[in-house]
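Visitor:
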Amino acid sequence: MPGRTIPQPVEAVPETAPPIVELANVSKTFGQGRQEVSALEHIRLAIGRGEFVTVVGPSGCGKSTLFNILAGLTEADPGASIRYGGQPRAAKELLGKVAFMPQRDLLLPWRRVVDNAILPLQVEGMSRAEALKRAAPMFPEFGLAGFEKHYPHQLSGGMRQRVALMRTFLFERDLTLLDEPFGALDALTRSLMQRWLLEVWQRHQRTILFITHDVDEAIFLGDRVVVMTARPGRIKLVLDVKLPRPRDAEIVTSPEFIQIKRQVLAAIEEESLKSFQQATGG
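Using full-length UniProt numbering, read the sequence shown as starting at 1 and increasing by one per residue.
Here it is as structure tokens:
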């Protein structure tokens with residue numbers, strides 16, 4: 001935007017710990033000829049063990065496409081380099097190796113809460129009895145004690161998300177992808193869920209890559225915030241969030257939080273303007 005100074009892009013590589021996943025030259029094009037659309041272009045990103053990395057950017061910037069590649073649901077264009085657990089991988093080889101929660105909770109309406117939660121364990125061949133034993137201690141932790149025999153339609157939106165997150169955490173993998181899990185919740189429930197998720201993350205010591213459209217959420221949750229450009233999506237900016245943990249609601253009014261928010265918003269607004277100009281031919 002005119003009159004604003006946009007921070008210079010930096011390489012999205014963590015300072016500590018060997019990375020769980022490393023991406024280099026990751027691009028994705030859909031369609032052919034006049035129908036060809038470049039969704040991602042030359043993504044370079046590394047995520048270290050135990051990090052909580054959040055991803056923001058203008059609508060249509062390829063965030064979900066990036067997640068689908070990391071989940072093994074979409075293959076990257078030729079020339080991409082993907083290393084997972086230190087080993088080179090094709091995107092399709094990541095299927096089943098990464099825990100992935102999409103935007104919708106996708107709970108099966110005919111299964112009770114407990115049976116929705118243990119579904120990934122049963123898919124992997126674990127007996128129901130063993131899966132129930134594994135899951136039992138997590139119900140109180142996820143605020144679901146006493147609701148094990150309920151059906152999804154009997155739960156609030158926040159509780160449904162807790163079930164979906166518990167299911168994702170039971171699918172124990174080195175990397176967990178969360179695609180706007182709180183996007184459909186009201187503001188108060190969303191705030192409560194954010195703080196709760198940080199507590200769960202710190203106890204389980206998982207590595208999380210988290211998509212959101214909410215800049216406050218991205219900063220509040222993340223160790224680093226990755227800002228993507230308008231389509232084709234590239235990494236425009238990476239900011240370290242050096243705010244103390246554990247974090248509480250008051251931290252969003254701190255000068256440090258506000259400064260980071262200004263930088264992220266400036267970068268996103270610049271890209272949103274580009275996206276608007278592309279759409280209108282301006």
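Glycine included, each C-beta is placed from N, C-alpha and C at the ideal position.
#1: Which same chain residues end up closer than 7 angstroms to LYS236 when comparing Cβ atoms and leaving out the 5 residues on each side of it in sequence?
#2: Where ALA24 and TYR151 are concerned, what is the direct C-alpha to C-alpha distance, given to the nearest angstrom?
#3: For a quick check, are the C-beta atoms of LEU178 and LEU198 less than 8 angstroms apart?
#4: For ASP186, count neighbouring C-beta atoms within 10 Å of its own C-beta (all shown protein chains included) and say buried if the count is 16 or more, exposed if not.
#5: What residue from ARG160, ALA46, ARG167, GLY60 has the CA that sits closest to GLY233's CA?
#6: For the putative contact between LYS28 and LEU40, defined by C-beta atoms under 8 angstroms, what is the C-beta separation to the nearest angstrom?
#7: Return the chain-ordered list of same chain residues with a C-beta closer than 6 angstroms to the C-beta of GLN87, the five sequence neighbours on each side being excluded.
#8: Can you tell me whether DSSP reads residue 333 as helix, strand or coil?
#9: Look at the Cβ atom of ARG49, then the Cβ atom of THR189, and state whether they are nearer than 8 angstroms.
#10: Give the straight-line distance between the Cα atoms of ASP216 and PHE100, rounded to the nearest whole angstrom.
#11: What's the C-alpha gap between VAL200 and ALA91?
#12: Excluding sequence positions up to five away, which residues of its chain have a Cβ less than 8 angstroms from the Cβ of LEU265?
#13: Shortest alpha-carbon distance to ARG173 belongs to which of PRO18, TRP196, THR54, GLY85?
#14: Under a three-way DSSP split, which group does MET166 fall into?
#15: How long is the line joining the alpha carbons of LEU273 and GLN194, rounded to whole angstroms?
#16: Is MET101 helix, strand or coil when you go by DSSP?
#17: I think GLY72 touches VAL98, with their Cβ atoms under 8 angstroms apart; what is that distance to the nearest whole Å?
#18: I need the straight-line Cα distance from SER38 to SER81, nearest angstrom please.
#19: Evaluate SER64 with the Cβ neighbour count: other Cβ atoms within 10 Å of its Cβ, from every protein chain shown; 16 or more gives buried, anything less gives exposed.
#20: Is it buried or exposed for ALA135, if we count other Cβ within 10 angstroms and need 16 for buried?
#21: Is it buried or exposed, LEU165, if we count other Cβ atoms within 10 angstroms and call 16 or more buried?
#22: State the Cα-Cα distance for the pair VAL114 and LYS149, rounded to the nearest angstrom.
#23: Measuring alpha carbon to alpha carbon, tell me which of ARG231, SER191, HIS204, SER156 ends up nearest ILE219.
#24: Over the uninterrupted beta strand (DSSP E) stretch that includes ILE219, give me the two end residues.
#25: Extract the residue ranges of the beta strand (DSSP E) inside the segment 124-197, only unbroken runs of 3 or more that lie entirely within it.
#26: Can you grab the Cα-Cα spacing for the pair PRO244 / ASN68, in whole Å?
#27: Can THR20 and LEU175 be called in contact, C-beta distance under 8 angstroms?
#28: Nearest to GLY158 by alpha carbon, out of PHE182, GLU93, HIS204?
Guide: So, from the listed chains and residues:
#1: Along the sequence shown, read from residue 1 onward, the residue named residue 236 stands at position 236. These residues qualify, in order along the chain: PRO9, VAL227, MET228, THR229, ALA267, GLU271.
#2: Locating residue 24 in the sequence shown gives position 24, where the first residue counts as 1. Locating residue 151 in the sequence shown gives position 151, where the first residue counts as 1. ALA24 and TYR151: Cα-Cα distance of roughly 43 angstroms.
#3: Against the sequence shown, residue 178 aligns to sequence position 178. Against the sequence shown, residue 198 aligns to sequence position 198. Cβ distance not < 8 angstroms, so LEU178 and LEU198 don't count as in contact.
#4: Here residue 186 refers to the residue found at position 186 when the sequence shown is read from its first residue. It counts as exposed.
#5: Stepping through the sequence shown from its first residue, residue 233 is reached at position 233. Among ARG160, ALA46, ARG167, GLY60, the Cα nearest to that of GLY233 belongs to GLY60.
#6: On the sequence shown, position 28 is the one that residue 28 refers to. On the sequence shown, position 40 is the one that residue 40 refers to. Confirmed, about 4 angstroms.
#7: The count along the sequence shown starts at 1 and reaches residue 87 at position 87. So the list is empty, once near-sequence residues are dropped.
#8: Only positions 1 to 282 of the chain appear in this structure, which leaves residue 333 out of reach.
#9: Taking the sequence shown and counting its residues from 1, one reaches residue 49 at position 49. Taking the sequence shown and counting its residues from 1, one reaches residue 189 at position 189. Contact flag unset, no.
#10: Stepping through the sequence shown from its first residue, residue 216 is reached at position 216. Stepping through the sequence shown from its first residue, residue 100 is reached at position 100. Cα-Cα distance, rounded: 23 angstroms.
#11: Looking up residue 200 in the sequence shown gives position 200. Looking up residue 91 in the sequence shown gives position 91. Whole-angstrom Cα-Cα distance: 28 angstroms.
#12: On the sequence shown, position 265 is the one that residue 265 refers to. In chain order, VAL215 place their CB closer than 8 angstroms to the CB of LEU265, counting only its own chain and leaving out the 5 sequence neighbours on each side.
#13: Reading the sequence shown from its first residue, position 173 is the one you call residue 173. For the residues PRO18, TRP196, THR54, GLY85, the minimum Cα distance to ARG173 belongs to GLY85.
#14: On the sequence shown, residue 166 is found 166 positions in, with the first residue counted as 1. In the structure shown, MET166 sits in a helix (DSSP, three-state: H, G or I).
#15: To locate residue 273, count along the sequence shown from 1; it is residue 273. To locate residue 194, count along the sequence shown from 1; it is residue 194. Approximately 29 angstroms, taken between the alpha carbons.
#16: By one-based count along the sequence shown, residue 101 stands at place 101. Strand at MET101.
#17: Taking the sequence shown and counting its residues from 1, the one referred to as residue 72 is at position 72. Taking the sequence shown and counting its residues from 1, the one referred to as residue 98 is at position 98. Yes, GLY72 and VAL98 are in contact; Cβ-Cβ is about 7 angstroms, under 8 angstroms.
#18: The residue you call residue 38 lines up with position 38 of the sequence shown. The residue you call residue 81 lines up with position 81 of the sequence shown. Cα atoms of SER38 and SER81: separation of roughly 18 angstroms, rounded to the nearest angstrom.
#19: Within the sequence shown, the letter at position 64 stands for residue 64. Classification for SER64: buried.
#20: Here residue 135 refers to the residue found at position 135 of the sequence shown. Here ALA135 is buried: its Cβ has 16 or more other Cβ atoms, across all protein chains shown, within 10 Å.
#21: Locating residue 165 in the sequence shown gives position 165, where the first residue counts as 1. Its Cβ being crowded by 16 or more others within 10 Å, LEU165 is buried.
#22: Taking the sequence shown and counting its residues from 1, the one referred to as residue 114 is at position 114. Taking the sequence shown and counting its residues from 1, the one referred to as residue 149 is at position 149. For the pair VAL114 and LYS149, the Cα-to-Cα distance works out to about 6 angstroms.
#23: Start at 1 with the first residue of the sequence shown, and residue 219 comes out as number 219. The option with the nearest alpha carbon to ILE219 is SER191.
#24: As a working mapping, residue 219 is identified with position 219 in the sequence shown. Following the DSSP letters along the chain, one finds ILE219 in no beta strand (DSSP E) but inside the alpha helix (DSSP H) bounded by residues 215-221.
#25: 175-179
#26: Within the sequence shown, residue 244 is the residue found at index 244, counting from 1. Within the sequence shown, residue 68 is the residue found at index 68, counting from 1. When rounded, the distance between both Cα atoms is 31 angstroms.
#27: Mapped onto the sequence shown, residue 20 falls at position 20. Mapped onto the sequence shown, residue 175 falls at position 175. In the sequence under discussion, the amino acid at residue 20 is Ile, which differs from the Thr named in the question. A contact, by the Cβ cut-off of 8 angstroms.
#28: Taking the sequence shown and counting its residues from 1, one reaches residue 158 at position 158. Considering only alpha carbons, the answer is PHE182.
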